[in-house]
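Worksheet for the structure shown next.
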Amino acid sequence: MKLFTFKVLTPERIVLEDDIESATFPTADGEITVLADHIPYIAPLMAGEMLVKKSDGSEAAFAIAGGFVEFSNNVLSVLADTVERAEEIDIVRAEQARKRAEELMRERERMDEEEFARTAAVLERELARVKVAKKYRVYTHH
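Here it is in structure tokens:
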């Protein structure tokens with residue numbers, strides 16, 4: 039299968055830069071898969087799972103939240119607020135963070151719109167982390 043260049047960046051680091059076969063990720067318009075020679079594309083990213091098929095046929099899973107994706111001239115760039123490899127996610131800590139965010143969401147009447155939006159975004163991010171960690175059975179304890 040034809041390969042294309044894939045770059046994943048966050049404000050803190052370059053998460054991945056490699057030639058890959060495909061990438062699937064959540065956008066505001068739904069889940070999309072990009073292959074080599076895809077038409078130019080740009081979209082906002084949503085919280086969820088990003089799945090990458092590498093040149094050797096192996097797959098890598100990531101929890102992703104926020105940012106944008108752009109595909110042009112066989113280069114896919116993911117500029118994300120947060121990205122974690124499935125194996126980096128501590129499922130116990132992710133579950134605890136999800137529960138804290140859910141508890142905060144129950145207190146909506148005490149929040150202004152901006153605070154509520156921030157809390158909702160945290161909850162979406164933590165739900166994505168838990169989902170990816172559970173799907174790929176990653177259990178670590180600190």
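Going by this note's numbering, the residue at position 102 of the sequence shown is 140; the numbering climbs one at a time, nothing skipped. Virtual Cβ for every residue (Gly too), placed ideally from N, Cα, C.
Is the Cβ-Cβ distance between residue i and residue j less than 8 Å?
i: Lys45; j: Glu55; result: yes
i: Val72; j: Phe109; result: yes
i: Ala103; j: Asp128; result: no
i: Val107; j: Glu97; result: no
i: Leu83; j: Phe63; result: yes
i: Ala132; j: Val168; result: yes
i: Asn112; j: Ala74; result: yes
i: Ala61; j: Leu114; result: yes
Hey, could you find the ends of the beta strand (DSSP E) residue i is sitting in?
i: Thr157; result: It is not in any beta strand (DSSP E) - Thr157 instead sits in the alpha helix (DSSP H) that spans 151-173.
i: Gly68; result: 68-73
i: Ile102; result: 97-110
i: Ile58; result: 52-65
i: Arg123; result: 113-123
i: Ala85; result: Segment: none, Ala85 is in no beta strand (DSSP E) and carries neither H nor E.
i: Lys40; result: No beta strand (DSSP E) contains Lys40, which DSSP labels as neither H nor E.
How would you write the range of the alpha helix (DSSP H) that residue i sits in, first residue to last?
i: Ile129; result: 129-143
Going along the chain, which residues of its own chain have a beta-carbon closer than 7 Å to the beta-carbon of residue i, five neighbours each way excluded?
i: Arg163; result: Ala85, Ala103, Thr120
Can you list, in chain order, the residues of its chain whose CB lies under 8 Å from that of residue i, leaving out five sequence neighbours each side?
i: Ala158; result: Met143
i: Leu165; result: Ala85, Arg136
i: Ala124; result: Ala98, Ala99, Phe100, Ala101, Val170, Ala171, Lys173, Tyr174, Val176
Exposed or buried, residue i, counting other C-beta atoms within 10 Å across all chains shown (16 or more means buried)?
i: Met39; result: exposed
i: Glu87; result: buried
i: Glu122; result: buried
i: Val116; result: buried
i: Val170; result: buried
i: Ala155; result: exposed
i: Ala99; result: buried
i: Ala101; result: buried
i: Ala66; result: exposed
Quick one: what's got a C-beta closer than 6 Å to residue i's C-beta in the same chain, skipping five residues either side?
i: Tyr79; result: Phe109
i: Lys92; result: Ile58
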